[in-house]
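Asks: Take this structure first; my questions come after.
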Amino acid sequence: MKLVIPMSGSGSRFVQAGYSSLKPLILVEGRPLIAHVLDMFPGEEDVVFICNPEHIATTDVVAILKSLKPNCTIITTAPGKQKGPVEALTHAFTVIGDDEDVLVSYCDFTQAWDYATFKDSTKTGQFAGAVPAYTGFHPHLLRKNLYAGIIADQNNVMLNIQEKHCFTENPEDSYHSGGIYYFASGELLKRYATELIKSGVNLNGEYYASMMYPLLLKDNHSVSVPTADTFMQWGTPEDLEEYEAWSRLLHAELGLQKQRTDIPEAREELVKIPYPENSPEFQKSYRYWHNYFKQSQL
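Everything in the sequence shown is counted per numbering that gives the first Met the number 0, starting at 0 for the first residue and increasing by one.
Here it is, written out as structure tokens:
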């Protein structure tokens with residue numbers, strides 16, 4: 000399995016919020032965010048990172064990535080404005096074999112899931128692709144932000160997917176892509192990435208990985224939708240800061256040692272739980288995070 004991680008975006012929301020580190024390098028629980036991404040894929044050493052040349056020139060991103068995955072390959076995009084993860088993937092085509100299966104992962108989240116079972120499922124040959132997703136209650140869904148929404152049948156086979164969309168009135172009733180995209184072959188990835196870019200279909204000038212899958216469905220390929228148990232959305236400063244508020248609370252209550260998360264001093268006052276303690280939102284979120292942090296210590 001080849002793991003490809005596009006991380007060439009500017010992370011403009013974090014920059015504007017006063018974060019000094021590149022988003023994938025922000026310390027979360029004492030480790031760079033990108034380390035938590037890699038945790039989702041235990042045992043994978045054939046890793047390709049796609050980086051912005053400006054970041055390579057101005058940060059220690061290469062040294063950090065090499066410390067995490069010494070045998071990794073680091074690819075650079077073209078300078079200037081980036082056009083999203085799919086455009087970034089095209090710069091890695093030369094290091095992706097047509098016959099090898101490929102996982103593409105975004106660089107600003109992590110999740111608890113059964114990776115071994117997922118990996119076994121890809122060996123059946125039944126599916127051309129897979130988009131791991133989450134459904135039900137997850138605290139970040141209370142923010143009403145939109146992600147890549149998915150419709151799946153009773154066998155968790157994809158019927159539709161749409162970026163920045165939710166197919167149900169209540170987000171808890173829908174599937175949402177977490178940011179992992181599987182292709183049964185490098186040839187499929189290259190074909191549909193190229194087709195998407197040629198089509199010109201994008202959102203605000205960016206080509207998202209989810210946007211390749213309607214093209215697979217159109218060509219009658221089957222795509223599975225496995226599910227994750229717990230999802231950590233760290234894509235915006237607000238996401239990270241709310242997570243940190245829950246982390247501090249639960250580490251203290253459970254008597255766990257809390258590792259450092261890099262929050263700018265000017266934003267410390269924003270590290271808070273945004274719901275009254277007696278509200279349903281607080282209670283549901285508390286149970287979610289209490290279970291996660293308790294289980295993570297077992």
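The beta-carbon is built from N, C-alpha and C at its ideal position, and this holds for glycine as well.
Let me know the secondary structure DSSP gives Tyr-287 once reduced to three states.
Replies: For the purposes of this step, residue 287 is identified with residue 288 of the sequence shown, where counting begins at 1. Helix.
Asks: According to DSSP, is Ser-19 helix, strand or coil?
Replies: Here residue 19 is taken as the residue at index 20 of the sequence shown, counted from 1. Coil at Ser-19, not helix or strand.
Asks: Rounded to a whole number of angstroms, what is the C-alpha to C-alpha distance between Ala-227 and Gly-199?
Replies: Here residue 227 refers to the residue found at position 228 of the sequence shown. Here residue 199 refers to the residue found at position 200 of the sequence shown. Answer to the nearest angstrom: the Cα atoms are 32 Å apart.
Asks: To test your reading of the DSSP string, which unbroken beta strand (DSSP E) runs of 3 or more residues are found completely within the stretch 78-128?
Replies: Entirely contained in the stretch 78-128, the beta strand (DSSP E) runs reaching 3 residues are, in chain order, 101-104 and 108-111.
Asks: Considering only residues of the stretch 143-182, which uninterrupted beta strand (DSSP E) runs meet the minimum length of 3 residues and lie entirely inside it, listed in chain order?
Replies: As far as the stretch 143-182 is concerned, its whole beta strand (DSSP E) runs of at least 3 residues are 148-151, 157-161, 174-176 and 179-182.
Asks: Which residue or residues does DSSP assign as beta-bridge partners of Tyr-133?
Replies: Against the sequence shown, residue 133 aligns to sequence position 134. According to DSSP, which records beta bridges pairwise, Tyr-133 is partnered with His-175.
Asks: With distances taken between CB atoms, is the gap from Tyr-207 to Val-130 smaller than 8 Å?
Replies: Within the sequence shown, numbered from 1, the residue matching residue 207 stands at position 208. Within the sequence shown, numbered from 1, the residue matching residue 130 stands at position 131. For Tyr-207 and Val-130, no; Cβs fall outside 8 Å.
Asks: Let me check one thing: in DSSP terms, what residues is Pro-5 bridge-paired to?
Replies: On the sequence shown, position 6 is the one that residue 5 refers to. Looking at the DSSP assignment, Pro-5 forms a beta bridge with Ile-49.
Asks: Taking all protein chains shown into account, decide if Asp-119 is buried (16 or more other Cβ within 10 angstroms of its Cβ) or exposed.
Replies: The sequence position of residue 119 within the sequence shown is 120, counting from 1. Asp-119 should be labelled exposed.
Asks: Once DSSP output is grouped into helix, strand and coil, what is the label at Thr-57?
Replies: On the sequence shown, position 58 is the one that residue 57 refers to. Helix.
Asks: Under DSSP, the alpha helix (DSSP H) around Thr-193 begins and ends at which residues?
Replies: As a position in the sequence shown, residue 193 is number 194, starting the count at 1. Element bounds for Thr-193: 185-198.
Asks: Using a Cβ-Cβ cutoff of less than 6 Å, which residues in the same chain neighbour Glu-44 once the five nearest sequence positions on both sides are dropped?
Replies: Residue mapping note: residue 44 aligns to position 45 of the sequence shown, counting from 1. Excluding positions up to five away in sequence, the list reads Asn-70.
Asks: Tell me which residues share the same chain as Pro-170 and place their Cβ nearer than 6 Å to its Cβ, disregarding the 5 neighbours each side in the sequence.
Replies: For the purposes of this step, residue 170 is taken as residue 171 along the sequence shown, with counting starting at 1. The answer, listed in chain order, is Leu-140.
Asks: Quickly, what does DSSP pair Gln-232 with across the bridge? List them, please.
Replies: In the sequence shown, counting from the first residue as 1, residue 232 sits at position 233. Note: Gln-232 sits in a beta bridge opposite Phe-108.
Asks: Indicate the three-state DSSP secondary structure (helix, strand or coil) for Arg-30 in the structure shown.
Replies: Locating residue 30 in the sequence shown gives position 31, where the first residue counts as 1. Strand at Arg-30.
Asks: Taking the DSSP output, what are the residues bridged to Ile-272?
Replies: Counted from its first residue, the sequence shown places residue 272 at position 273. Paired residue(s): none; Ile-272 is not in a bridge.
Asks: CB-CB under 8 Å to Tyr-287, same chain, minus the five flanking residues each way: which ones, in chain order?
Replies: Translated into the one-based positions of the sequence shown, residue 287 becomes position 288. The residues are Phe-136, His-137, Pro-138 and Thr-229.
Asks: For the alpha helix (DSSP H) containing Pro-138, list its first residue and its last residue.
Replies: One-based indexing of the sequence shown puts residue 138 at position 139. Careful: Pro-138 lies outside any alpha helix (DSSP H) and carries neither H nor E.
Asks: So which of Ile-179, Ile-63, Pro-5 and Val-101 has the shortest CA-CA distance to Met-39?
Replies: Stepping through the sequence shown from its first residue, residue 39 is reached at position 40. The candidate whose alpha carbon is nearest that of Met-39 is Ile-179.
Asks: DSSP puts Leu-202 in a beta bridge; with which residues?
Replies: In the sequence shown, residue 202 corresponds to position 203, counting from 1. For Leu-202, which the question treats as bridged, DSSP gives the partners Glu-205.
Asks: With respect to the beta strand (DSSP E) encompassing Thr-72, which residues constitute its N-terminal and C-terminal limits?
Replies: The residue given as residue 72 occupies position 73 in the sequence shown. First-last of the beta strand (DSSP E) with Thr-72: 72-75.
Asks: Please name the residue in Trp-233, Glu-240 and Val-222 whose C-alpha comes closest to that of Glu-268.
Replies: The residue given as residue 268 occupies position 269 in the sequence shown. Of the candidates Trp-233, Glu-240 and Val-222, the one whose C-alpha sits nearest the C-alpha of Glu-268 is Glu-240.
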